[in-house]
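Read through the structure below, which is laid out as C-alpha cells, and then see the notes.
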Ligand code: 5AD
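Numbering (the numbering used here), first residue to last: 283 to 625.
Here's what the structure looks like:
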C-alpha cells in the first residue's frame, strides 16, 4: 500500500511524472474501495429541479447574470413523476439539485421532501440546494432528507474570492458544512479541479480541510468553462489531475462515497471509467424530464444523454462491467454509517 501520510507526500503525488508511482496510487485506491464496497458502483437518480439561481459565481453557467440561460423550475408533481420513473428503473437514491432559487421556500422544500419520503420511505433523499441557515437545514432533515451535497469549491479564502463575488464567503460555505454534519446529514463537500487561480497548494488545503471535516461524500470534477460567464476564456481542468485527487481522497477518507462526475465524463469519453479506476464508486445519471436537461448547463457541452441519462442504465452497466464493476441501485449509504429508519 502506498504511503500517503503527510502533506509533502500528497504534493509529490500531485506533481510526479513517474507513471509507475501513479499506477501504484490508483491500484491501492481501488484496493481500498474494494475493501469497503466490493465491486459495486452506486447509481443515484439526479433531478435538476430548478436552474434559477440568486448567486453569481463566476464559473457557473446558471449564474444569475447569465441572460442567455433558459430558466425552468419543476413543480412538485413533475419532481414526483421523476421519482416515480426513477423508482421503476430501480433507483433508491434521489438527488434533488438546483440553483439557489427563492421560489422553493423552506415550506415548499419540506413539502417536497416529505412527499417523496412518504411515497418511498426506503429511498434516500439527497438535497443539493446551496447555502441556507442552520434552521432551514434542520427543517429539511426533520422532513426526512438524508444527505446534503455542498461542494466547498475551495478551502482557501483568497482563492474563494477569485471564484465568487463579494457577497459570498468561504467562511459561510464551511459553516454550512459543519452545520449539516452536526444536524446528522451524510454530508458531501468537494471541489472543481483546475478552476481559475487554483494552485497545488490550494489543493493541499482542500485535502486538509476534507480530512478535518470527514465528509461522507466528496464531489471532485474538472472545471469546464461556460461561454456566457466571466471565465469563458479560461482553460479547463485536466483528467490527469482530477483522477490523482480522486485517488488521494480515497486514501485519506477510505470509506468515502466518491462520484465519477459528469464533468469528468464530459471532458473525456472514458473519463468516468478512469475515475472509477482511481477509486470513485458513485455515478449520478440524470432523471430530470428530457425537455429541461439541456437547460441545466453549468458548463459547455454538459452530457445528459447515453449513460448520463437514467434510461441509459444499460449502457452504464455495460461500461462498468467491462472494467470489472457492477452498478448497484441500492441506497448505498456510506460504509459503517448508521442510518435513520423512516416511517
Ligand atoms: N465547471 C465544472 N463544474 C462546475 N460547477 C459549477 N460550474 C462548473 C463549471 N463551469 C460545479 C460546482 C458546483 C456543482 C454543482 O457544479 O462545483 O458545486
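Note that CB positions come from ideal geometry on N, CA and C, so glycine has one too. Source: prediction; values computed, not measured.
Asked, Found
"Environment of residue 333 [buried if 16+ CB atoms lie within 10 Å]", "buried"
"Closest Cα partner of residue 293 within the set 568, 395, 487 and 595", "487"
"Close Cβ partners of residue 588 (< 7 Å) along its chain, the five nearest in sequence each way excluded", "594 and 597"
"Backbone CA spacing between residue 473 and residue 501 [nearest angstrom]", "6 Å"
"Secondary structure, beta strand (DSSP E): runs of 3+ residues fully inside the stretch 413-491", "429-431 and 468-475"
"Of the listed residues 466, 355, 524 and 382, nearest to residue 297 (C-alpha basis)", "524"
"Residue 570 in three-state terms, based on DSSP", "coil"
"Chain-order list of residues whose beta-carbon lies under 6 Å from that of residue 439 (same chain, five-residue window excluded)", "452"
"Cβ-Cβ separation, residue 455 to residue 434 (assumed contact under 8 Å), whole Å", "5 Å"
"Distance cut-off 7 Å: residue 505 Cβ against heavy atoms of ligand 1", "yes"
"Own chain partners of residue 520 with C-beta closer than 7 Å, once the 5 adjacent residues on each side are dropped", "476 and 504"
"N-terminal and C-terminal residue of the alpha helix (DSSP H) that residue 626 is part of", "With the chain covering only 283 through 625, there is no way to say anything about residue 626."
"Cβ neighbours of residue 565 in the same chain (closer than 7 Å, five flanking residues each side left out)", "323, 325, 541, 542, 554 and 598"
"Distance between beta carbons of residue 375 and residue 401, contact taken as under 8 Å", "In fact, because the Cβ distance is near 14 Å, the residues do not count as touching under 8 Å."
"Helix, strand or coil at residue 368 [DSSP, three-state]", "helix"
"Same chain only: Cβ atoms within 7 Å of residue 371, ignoring 5 sequence neighbours per side", "592 and 595"
"Cβ-heavy atom distance, residue 386 to ligand 1, below 7 Å", "no"
"Proximity below 8 Å, CB of residue 330 to CB of residue 510", "no"
"Which residues DSSP lists as bridging residue 407, in chain order", "376"
"Between the CA atoms of residue 285 and residue 445 - distance to the nearest angstrom", "33 Å"
"Pair within 8 Å by beta-carbon distance, residue 432 and residue 422", "no"
"Ligand 1 heavy atom lying under 7 Å from the CB of residue 508", "yes"
"Residue 381 Cβ short of 7 Å to ligand 1 heavy atom set", "no"
"beta-carbon residue 275 near ligand 1 non-hydrogen atom, thresh 7 Å", "Any property of residue 275 remains undetermined from this structure, which presents the chain solely from 283 to 625."
"Buried or exposed by the 16-neighbour rule on C-beta atoms within 10 Å, applied to residue 514", "exposed"
"Distance between residue 437 and residue 356 (C-alpha atoms, nearest Å)", "32 Å"
"Residue-level contact to chain C via CB, residue 587, 8 Å cutoff", "Protein chain content of the structure displayed is limited to a single chain, and chain C is not contained in it."
"Separation of residue 620 from residue 427, as counted between CA atoms", "15 Å"
"Sub-8 Å separation of residue 367 and residue 388 beta-carbons", "no"
"Residue 483, buried or exposed, once every other Cβ within 10 Å from all chains shown has been counted against 16", "exposed"
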